[in-house]
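Visitor:
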Amino acid sequence: MQQYWEDFTEGHVATCGRYVVGREEIVAFAREYDPAPIHLDDSAAEATRLGGISASGWHLCCIFMRLAADGFLTNADCLGSPGLDEVRFLRPVHPGAVLSLRRRVLETRSSKSRPELGLVKFRFELIDAGAEVMADLVGTVMFGRRNPGFRLL
Numbered sequence: 001m002q003q004y005w006e007d008f009t010e011g012h013v014a015t016c017g018r019y020v021v022g023r024e025e026i027v028a029f030a031r032e033y034d035p036a037p038i039h040l041d042d043s044a045a046e047a048t049r050l051g052g053i054s055a056s057g058w059h060l061c062c063i064f065m066r067l068a069a070d071g072f073l074t075n076a077d078c079l080g081s082p083g084l085d086e087v088r089f090l091r092p093v094h095p096g097a098v099l100s101l102r103r104r105v106l107e108t109r110s111s112k113s114r115p116e117l118g119l120v121k122f123r124f125e126l127i128d129a130g131a132e133v134m135a136d137l138v139g140t141v142m143f144g145r146r147n148p149g150f151r152l153l
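In this text, residue positions in the sequence shown follow full-length UniProt numbering: the first is 1, and each later residue adds one.
(1) So, with DSSP's three-state summary, where would you put Met65?
(2) By how many angstroms is the C-alpha of Val120 removed from the C-alpha of Asp41?
(3) Can you check whether the CB of Leu90 is closer than 7 Å to the CB of Val21?
(4) Can you tell which of Val105, Leu79, Ala135 has the C-alpha that lies nearest to the C-alpha of Ser54?
(5) For Phe64, which residues from the same chain have a beta carbon less than 8 Å from its beta carbon, with the 5 sequence-adjacent residues on both sides left out?
(6) What are the start and end residues of each continuous beta strand (DSSP E) run of 3 or more residues lying completely inside the region 41-65, in chain order?
(7) Looking at the structure shown, is Val27 part of a helix, part of a strand, or coil, going by DSSP?
(8) Straight-line CA distance for Arg151 to Tyr4?
(9) Roughly how many angstroms lie between the CA atoms of Arg88 and Gly118, to the nearest whole one?
(10) What would DSSP say about Thr9, mapped onto helix, strand or coil?
(11) Considering only heavy atoms of the ligand FAD, does any lie closer than 6 Å to the CB of Val87?
(12) Mind pulling the alpha helix (DSSP H) runs of 4 or more residues that sit fully within the region 63-126?
(13) Given this structure, state the Cα-to-Cα distance separating Gly52 from Ala45, to the nearest angstrom.
(14) Could you tell me the distance, in whole angstroms, from the CA atom of Glu6 to the CA atom of Ala47?
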């Protein structure tokens, strides 16, 4: 069932997805994009306050996007995003962590310049199996409107 802007209401909370973070994935991502020792080397990572190898924050952003796409964006008239307002990495994500995405609608508004779309501001949280928030993102997504109406010339 396709979702449109009208289907998102302020205060609504939903959780979706299940993503198991693997050690090899953490290391492969780090080698390619974020080669810090805390993402690549067990000994170096264990000597830090993180307590062991952990996923890069940028890797977590990619996992967030996968969960959002699979969980609701591909079943919606999603028109992209003007960007994120906040991105916070709150706890280290170690190999074997099982993550889900929780989303809360913070506000909705119709576009003044483009009546065919509306904007939804979300707080996204990557949560582990114990519902601890591992990463927190706030951003806006544009959605097509089911009934955009007409503009007078």
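No residue lacks a Cβ here, since even glycine has one placed at the ideal position from N, Cα and C.
Guide: Taking the geometry as given:
(1) helix
(2) 40 Å
(3) no
(4) Ala135
(5) So the list reads Leu101, Phe124, Leu126, Ala135, Leu137, once near-sequence residues are dropped.
(6) Runs found: none.
(7) helix
(8) For Arg151, the predicted structure reports a pLDDT of 47, less than 50, and the residue's modelled location is therefore unreliable. A value from the coordinates is still provided. Those two C-alpha atoms are separated by around 19 Å.
(9) 26 Å
(10) coil
(11) Among the components of this structure there are no ligands whatsoever, and the ligand FAD is therefore not found.
(12) none
(13) Each residue's Cα considered, the two are about 5 Å apart.
(14) 50 Å
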